[in-house]
Amino acid sequence: MEFEFMPKPLFLTGVDFWFCQFKVRCFVLLCVVLFTQSSVSQLQVSDEEPVICQKLKPPKNKPEQLVDWLLKNGHRLKHEGCWKSHISLGTRGMEEAAKQSRFLDRARIALNLSSSYFCLGDYDSCRKLAEEASHYAREHKDWKEYITSLYLLSGVSRAQGRKEAVYYAEKGMEELQKHQPDDHYLKAKILYNLGGALSDLEEPDLDRARAAMMESHSLYHGLKNQYEIVRSGLRLARIDYLKGNYISALAVIQSVEVHLERPRSRMLYHYMMAKILHRMKKWGRARTEALESLAWADRLKAKVDEERTRTLLDAIDNKTFVKD
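Just remember that this note's numbering sits 559 ahead of the position in the sequence shown, which is counted from 1.
Structure representation (structure tokens):
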């Protein structure tokens with residue numbers, strides 16, 4: 560549960576932003592900016608989940624099928640940005656799993672729901688479900704689910720600024736090597752959180768963070784997982800950004816742009832681009848990217864992402880910088 564020197568807004572393709580040498584072309588650029596801001600405003604007033612969420616529904620009046628439906632479709636609900644729907648259905652699914660004495664499946668649903676709570680910025684609920692599933696999985700020696708819970712606990716600890724984020728990621732790697740050494744997907748996920756945790760420390764270890772994130776990114780490429788290629792690429796760009804290597808950060812983002820599919824990926828992509836351009840003092844382009852990210856955050860009801868993007872927008876408008 561984010562590159563070329565001028566990425567295109569969501570609404571437009573093929574517009575050349577380097578043509579202000581000519582008056583006519585400057586007028587076109589002005590129209591583009593006005594259209595973009597107008598479209599962003601329209602997106603921001605929507606209270607609906609993505610349209611696809613209306614199609615992702617379990618069989619009606621068949622609660623006995625809900626558990627299996629969630630185990631099959633829960634990840635898609637999460638990746639499509641249907642977080643509120645996922646939580647509503649998942650809460651019912653956990654109750655149904657308990658009624659059917661399917662306690663391991665209940666833990667699996669809890670882990671998946673934990674990610675959706677994370678995406679909505681409800682870190683306390685995320686942690687509660689991850690801890691609950693972790694205890695059950697460890698007690699019953701379901702190592703894959705246990706390792707997944709450590710991954711989630713690392714992620715939410717990182718988001719909450721807790722130092723144990725690195726501990727959970729390292730513990731996850733230790734358990735992976737013991738029990739799931741050939742699970743490259745799970746390894747990539749844990750390395751992602753390890754790299755993120757190391758880069759988010761008060762005194763970050765950026766070299767070690769970059770090595771972990773590079774390995775994660777490489778594994779995702781091998782697995783051809785488009786969503787995770789973007790996610791790890793954005794984190795890798797952030798590490799280069801923190802090192803002050805903005806050109807390298809832009810190159811990384813350029814490499815993942817073609818893999819953008821999911822709404823959350825687009826939100827994070829535009830946010831990271833805005834941050835890099837902001838540091839490069841490209842104020843106008845940074846603002847356009849931040850507005851695009853804000854529109855996606857508002858649409859997805861991602862309150863933490865919305866707040867941080869508004870903070871970034873204020874800094875861009877005032878031509879100041881905020882602590883990363």
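Backbone N, C-alpha and C fix where the C-beta goes; we use that ideal spot for every residue, glycine too.
Predicted, not measured: the structure shown is a model, and the values here were computed from it.
Just to confirm my understanding: we take E639, look at its own chain, exclude 5 residues before and 5 after, and list those with CB closer than 8 Å. What are they?
Sequence index remark: in the sequence shown, residue 639 carries index 80 (1-based). Once the five neighbours on either side are set aside, the close Cβ partners of E639 are P609, I611, C612, L615, R821, P822.
When you compare each of S824, E655, H738 to V789 by their alpha carbons, which one comes out closest?
The count along the sequence shown starts at 1 and reaches residue 789 at position 230. Comparing Cα positions, the closest option is S824.
Would you check if the distance between the CB atom of L672 and the CB atom of I706 is smaller than 7 Å?
By 1-based counting over the sequence shown, the position of residue 672 is 113. By 1-based counting over the sequence shown, the position of residue 706 is 147. The Cβ atoms of L672 and I706 do not sit closer than 7 Å to each other.
Hey, is V610's beta-carbon within less than 7 Å of any beta-carbon in chain B?
Given the protein chain composition of this structure (a single chain), no chain B is represented.
Does H818 pass the burial test, meaning 16 or more other C-beta atoms within 10 Å, or should it be called exposed?
As a first step, residue 818 must be located in the sequence shown, where it is residue number 259. The residue in question, H818, is buried, as its Cβ has 16 or more Cβ neighbours within 10 Å.
K687 by DSSP, collapsed to three states: which one?
Along the sequence shown, one-based indexing puts residue 687 at 128. Note: K687 maps to helix in three-state DSSP.
Quick one, are the C-beta atoms of A874 and V863 less than 7 Å apart?
For the purposes of this step, residue 874 is identified with residue 315 of the sequence shown, where counting begins at 1. For the purposes of this step, residue 863 is identified with residue 304 of the sequence shown, where counting begins at 1. Contact: no.
Beta-carbon proximity list for H829, same chain, < 6 Å, skipping 5 on both sides:
As a working mapping, residue 829 is identified with position 270 in the sequence shown. So the qualifying residues of the chain are E848, E851, S852.
Backbone secondary structure at N813 - three-state DSSP
In the sequence shown, the residue the question calls residue 813 occupies position 254. The question names Asn, but residue 813 in the sequence shown is Gln. DSSP places Q813 in helix when its eight states are reduced to three.
If you draw a straight line from the alpha carbon of L871 to that of K834, how long is it in whole angstroms?
Your numbering for residue 871 matches position 312 in the sequence shown. Your numbering for residue 834 matches position 275 in the sequence shown. Roughly 8 Å between the two C-alpha positions.
Using the beta-carbon count (16 or more within 10 Å), is A657 buried or exposed?
Here residue 657 refers to the residue found at position 98 when the sequence shown is read from its first residue. Exposed is the call here.
Meets three-Cβ-pair contact criterion under 8 Å: the region 730-742 and the region 755-767
no
With distances taken Cα to Cα, identify the nearest neighbour of G680 among A856, D876, A756, L750.
Your numbering for residue 680 matches position 121 in the sequence shown. Among A856, D876, A756, L750, the Cα nearest to that of G680 belongs to A856.
Proximity below 7 Å, CB of I812 to CB of A796:
One-based indexing of the sequence shown puts residue 812 at position 253. One-based indexing of the sequence shown puts residue 796 at position 237. Going by C-beta atoms, I812 is nearer than 7 Å to A796.
Classification of D799 by the beta-carbon crowding that lies within 10 angstroms, buried from 16 upward:
In the sequence shown, residue 799 corresponds to position 240, counting from 1. When all chains shown are included, D799 counts as buried.
For the putative contact between L648 and P617, defined by C-beta atoms under 8 Å, what is the C-beta separation to the nearest angstrom?
If you number the sequence shown from 1, residue 648 lands on position 89. If you number the sequence shown from 1, residue 617 lands on position 58. Going by Cβ atoms, the distance from L648 to P617 rounds to 7 Å, so yes, they are a contact pair.
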